[in-house]
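Presented below is the structure to which this report refers.
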Amino acid sequence: MSAKVITVTSGKGGVGKTTVTANLATALAMKGRKVVAMDSDIGLRNLDVVMGLENRIVYDLVDVIEGRCRLRQAMIKDKRLPELYLIPAAQTRDKMAVSPSDMVLVCDQLREEVDYVVIDSPAGIERGFRNALAPADSVIIVTNPEVSAVRDADRIIGLIEAEEKGPANLIVNRLKPSMVARGDMLSIEDILEILAIDLIGVVPEDEAILVSTNRGTPVAMNATNSASASQAFRNVADRLEGDTVPLIDFNARDGFLTRLRSLVGSPK
Amino acid sequence: MGWLDRFFKSEEKSSSVAKSRLQMVLTHDRSSISPGLIEEIKDDIIKVIAKRLEVDPDNVVVNLTTTRQESRLVAEIPIHVNGRNR
């Protein structure tokens, strides 16, 4: 077995890195893969609560690196799926407790044991980001359809290319198709033209995300309708596995009025 | 704002504004060439051309365009030419 290490990053905070990490790891595990979700946001861990495993943490990533436990002991098993594990970040330390070479060592050990390691990167472009990037075989950049998130994504793409970790793939998260239709949100085409990067998924804004985070159950575990965030995450997992899955047609979901509005929009 | 307003006013869509603002800011982010430097280069170009030809300085445009593959300066310099123009 030789795992693929996928780092999920964004530059800007709050775009949904942790949600994407939790759901991709979950969706890959639902496909029968052995998956480790790893939180590299030392001092500000959150992947544990998003996955609903916060009460089961005994050891964390820094304990492994500093030799207080074996790697296996820091892998919390998600009991809802046969082969899904979380390695949590330390909460009482800071980024400097981990180095890029530590991350490479830990991931090299995991490579022998699992199919995928999905790393949740902290926001920013400093040490924490460098740590998350160092072991990556491939990188997923998460952005939102707004100027600040796209600008930061562009910066991150440049840094990833400089580190020769690319080419990265893009997930556009929190898309509101109705706003795109009326010309008040950057479209997928706009974002791809600006960033010149391959797209691996589009996740719609979906209240189910907050509800599932409230409960600590990644939304990918719930089978919901075909234009949902849950389906979008499972589609990304399929694409990571090499399947060709078309993007969800969100416009089909819009009401008649929305489509009428987009047709009647002002002439240029 | 409803679609009726937009129908009558034909205001530029906020998504187009966002796109062009992003393209502008990323050009400078990617190249680390500041907008101020471009202005200085523009003034220098005007000075050089003006030694030989009559330049219309208010309508000179110098733009930096940057993709990840290449960067280029594109200058448009309107000049006044007398005589042989038809």
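In order, the protein sequence lines correspond to chains X and F. Counting in the working numbering, the first sequence runs from 1 upward without gaps. Counting in the working numbering, the second sequence runs from 1001 upward without gaps. From the three backbone atoms N, C-alpha and C, an ideal C-beta is built for every residue, glycine too. Predicted model, so just to flag it, every value in this text is computed and none were measured.
**Study point:** Start-end ranges of the alpha helix (DSSP H) lying completely within the region 91-155 of chain X, minimum 4 residues
**Key:** 100-111 and 127-133
Review point. What residues are listed by DSSP as bridge partners for R1072 of chain F?
Key: Residue 1072 of chain F sits at position 72 when you count from the first residue of the second sequence. Paired residue(s): F:T1065.
Review point. How about M51 of chain X and L86 of chain X: do their beta carbons lie closer than 9 Å?
Key: Counting from 1 along the first sequence, the entry for residue 51 of chain X is found at position 51. Counting from 1 along the first sequence, the entry for residue 86 of chain X is found at position 86. Cβ distance < 9 Å, so M51 of chain X and L86 of chain X count as in contact.
Check your understanding: Just the Cα atoms here: how many angstroms apart are V1070 of chain F and I197 of chain X?
Key -> On the second sequence, position 70 is the one that residue 1070 of chain F refers to. On the first sequence, position 197 is the one that residue 197 of chain X refers to. Per the sequence presented here, residue 1070 of chain F reads as Glu, with Val not at that position. Those two C-alpha atoms are separated by around 16 Å.
Point to revise | Residue range of the alpha helix (DSSP H) that includes G1036 of chain F | key: Along the second sequence, read from residue 1 onward, the residue named residue 1036 of chain F stands at position 36. It spans P1035 to A1050 - the alpha helix (DSSP H) in which G1036 of chain F sits, taken as one unbroken run.
Review point. Can you name, in chain order, every residue of its own chain whose Cβ lies under 8 Å from the Cβ of N222 of chain X, other than the five neighbours on each side?
Key: Residue mapping note: residue 222 of chain X aligns to position 222 of the first sequence, counting from 1. Answer for N222 of chain X: A208, S212 and S230, listed in chain order.
**Study point:** Spatial neighbours of I23 of chain X in its chain, beta-carbon cut-off 7 Å, leaving aside the 5 residues before and after
**Key:** Here residue 23 of chain X corresponds to residue number 23 of the first sequence, with the count starting at 1. A small fix is needed here, since residue 23 of chain X is Asn in this sequence, not Ile. Correct list, in chain order: P218, V219, A220 and F233.
**Study point:** chain X within 9 Å of T1065 of chain F, Cβ atoms only
**Key:** As a working mapping, residue 1065 of chain F is identified with position 65 in the second sequence. T1065 of chain F does not count as touching chain X.
**Study point:** Residues of the region 1011-1031 of chain F with Cβ closer than 8 Å to any Cβ of chain X, in chain order
**Key:** E1011, K1013, S1014, S1015, S1016, A1018, K1019, R1021, L1022, Q1023, V1025, L1026, D1029 and R1030
Exercise for review: Identify whether G201 of chain X lies in helix, strand or coil by the three-state DSSP scheme.
Suggested key: The count along the first sequence starts at 1 and reaches residue 201 of chain X at position 201. Of the three classes helix, strand and coil, the one that applies to G201 of chain X here is strand, per DSSP.
Practice item. Measuring alpha carbon to alpha carbon, tell me which of F:T1066, F:T1067 and F:I1049 ends up nearest I1077 of chain F. Key: Along the second sequence, one-based indexing puts residue 1077 of chain F at 77. Considering only alpha carbons, the answer is F:I1049.
Point to revise | Simplified DSSP assignment, three categories, for S1016 of chain F | key: In the second sequence, the residue the question calls residue 1016 of chain F occupies position 16. Looking at S1016 of chain F - three-state DSSP - the assignment turns out to be helix.
**Study point:** Three-state secondary structure (DSSP) of R68 of chain X
**Key:** As a working note, residue 68 of chain X is residue 68 in the first sequence. Reduced to three states, the DSSP call for R68 of chain X is coil.
Review point. In chain F, what lies closer than 7 Å to M51 of chain X by C-beta?
Key: Locating residue 51 of chain X in the first sequence gives position 51, where the first residue counts as 1. Residues of chain F passing the Cβ test: none, with the nearest at roughly 33 Å.
Point to revise | One or two residues paired with M38 of chain X in a DSSP bridge | key: Numbered from 1 along the first sequence, position 38 holds the residue referred to as residue 38 of chain X. Beta-bridge pairing links M38 of chain X to X:I87 and X:I119.
Check your understanding: Whole beta strand (DSSP E) runs in the region 165-248 of chain X with 3 or more residues, listed along the chain?
Key -> 169-175 and 198-204
Review point. Nearest-angstrom Cα distance between R68 of chain X and D115 of chain X?
Key: As a first step, residue 68 of chain X is located in the first sequence; it is residue number 68 there, counting from the start. As a first step, residue 115 of chain X is located in the first sequence; it is residue number 115 there, counting from the start. Approximately 25 Å between the Cα atoms of the pair.
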